[in-house]
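Participant:
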Amino acid sequence: MTETVVAVDGPAGSGKSSVSKAAAKRLDFAFLDTGAAYRALAWHVLESGANPEQATEVISSLGGFDYSIGTDPDGYAVHVSGTDVTESIREPRVSAAVSAVARVPEVRAHLTALFRSIIRDSDKAGIIVEGRDITTVVAPDATARILLTASEEARMSRRSAELATESASDVAIALQKRDRADSRVVDFMTAADGVVTVDSTNLNFDETVDAVLDVIRTSHET
Ligand code: CDP
Ligand code: CDP
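Be aware that the sequence shown starts at 114, since it is given in my numbering, and climbs by one per residue.
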């Protein structure tokens, strides 16, 4: 049974994955990237020739979705039916399809149940889980609940720096479109009751990790 559950939500490019992973390493906690699961399903839908915009086709694909995700922040990998998709789930075609897949209620229910079982079965003392609805739906009772934000400008420039092969304006347009679509399904721009906001706009990477670790430490003291 995992003792400490840390829930981290926020928009694309706020630093959720990289910061949560670094914080998990520092604490020797497990790490769960729930967005990677939604991306893996979107990849699977595309590979099987189904239409991500058609909820019925997405729901059918869910049946054959044999998925596994690592929770070791040092050796994190995602597999679908034995294929390592850790890199391919970051492709622009997957980013473009993922919101449509994630808005299907059956998909959310299926993956939420999966996330809860991963949290429950983790053999580490704690786990940091990041996504869009972790503080509100997946783990509303988490020990620490954090909304990681950053200005749209900061988020766009961080993402463009990562995706050097794509033009900055293409990255910005795709990111804004995805955030808009995702916001219609879950509210990850405002902190729910009891959720601590960490604004990383003017923090560098290490300062953001420290701010998240501070929230986790404080939550243990209260
Ligand atoms: O890393 P980035 O912020 O670009 O996205 P991600 O965390 O990899 O999530 C990919 C997509 O999965 C999001 O754009 C959402 O459509 C979906 N998602 C979700 O609906 N709920 C979550 N808890 C996590 C991700
Ligand atoms: O998971 P999410 O989409 O929220 O963001 P990410 O993929 O973890 O972070 C996007 C990029 O921003 C990464 O390259 C981080 O290293 C970088 N970052 C930064 O430059 N400064 C911060 N304060 C936080 C993250």
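Think of the CB as a built atom: it goes at the ideal place given N, C-alpha and C, for glycine as much as any other residue. A quick note: this is a predicted structure, and the numbers were derived from the prediction, not measured.
In terms of alpha-carbon separation, which member of G177, L140, Y189, V298 lies closest to V322?
Facilitator: Of G177, L140, Y189, V298, the residue nearest in Cα terms is L140.
Participant: Span of the alpha helix (DSSP H) holding D234?
Facilitator: Residues 218 to 234.
Participant: I want to check one thing, is the minimum distance from the CB of D160 to the heavy atoms of ligand 2 below 7 Å?
Facilitator: Note that residue 160 is Glu in the sequence shown here, rather than Asp. No, the beta carbon of E160 sits no closer than 7 Å to any heavy atom of ligand 2.
Participant: Among the candidates G244, G188, A125, whose CA atom is the shortest distance from the CA of L288?
Facilitator: Nearest of G244, G188, A125 to L288, Cα basis: A125.
Participant: May I have the straight-line CA-CA distance separating G183 from V191, to the nearest angstrom?
Facilitator: Approximately 6 Å, taken between the alpha carbons.
Participant: If we require 4 or more residues per run, which alpha helix (DSSP H) segments fall completely within the segment 278 to 314?
Facilitator: Here the runs fully enclosed are 281 to 296.
Participant: Alpha carbon to alpha carbon, what distance is there between R330 and R291?
Facilitator: So the two alpha carbons sit approximately 33 Å from each other.
Participant: Classify T303 as buried or exposed, calling it buried when 16 or more other Cβ atoms lie within 10 Å of its own Cβ.
Facilitator: That one is exposed.
Participant: For D122, count the other beta carbons within 10 Å of its own beta carbon; 16 or more makes it buried, fewer makes it exposed. Which is it?
Facilitator: When all chains shown are included, D122 counts as buried.
Participant: What are the start and end residues of the alpha helix (DSSP H) that includes S208?
Facilitator: Start and end: 205 to 215.
Participant: Kindly indicate which residue of S230, F178, R221, A305 has the alpha-carbon position closest to the one of A118.
Facilitator: A quick correction: the sequence has Val, not Ala, at residue 118. Checked all of S230, F178, R221, A305; the closest Cα to V118 is S230.
Participant: Say yes only if the C-beta of R271 is nearer than 7 Å to one or more non-hydrogen atoms of ligand 2, and no if none qualify.
Facilitator: Yes; taking the cut-off as 7 Å, the Cβ of R271 has a heavy atom of ligand 2 nearer than that.
Participant: Have a look at G244, A255, R297 and flag the residue whose alpha-carbon is nearest the alpha-carbon of G148.
Facilitator: Closest option to G148, Cα to Cα, is G244.
Participant: Nearest-angstrom Cα distance between A120 and I202?
Facilitator: Their Cα atoms are separated by approximately 22 Å.
Participant: When DSSP labels each residue in this structure, what does E266 get in the three-state scheme?
Facilitator: Correct three-state label for E266: helix.
Participant: Quick one: using the 10 Å Cβ neighbour count with 16 as the cut-off for buried, is F318 buried or exposed?
Facilitator: Exposed, by the Cβ-count rule.
Participant: Does the distance from the C-beta atom of H157 to that of S174 stay below 8 Å?
Facilitator: Going by C-beta atoms, H157 is nearer than 8 Å to S174.
Participant: When the Cα atoms are used, what is the spatial distance from G176 to E170?
Facilitator: Their backbone Cα atoms lie some 10 Å apart in a straight line.
Participant: Considering only their Cβ atoms, is the gap separating A294 from V311 smaller than 8 Å?
Facilitator: Not in contact: V311 and A294 (Cβ atoms no closer than 8 Å).
Participant: With DSSP as the reference, label T184 as helix, strand or coil.
Facilitator: Reduced to three states, the DSSP call for T184 is coil.
Participant: Does the beta-carbon of S235 have 16 or more other beta-carbons within 10 angstroms, so that it is buried, or is it exposed?
Facilitator: Buried, because 16 or more other Cβ atoms sit within 10 Å of the Cβ of S235.
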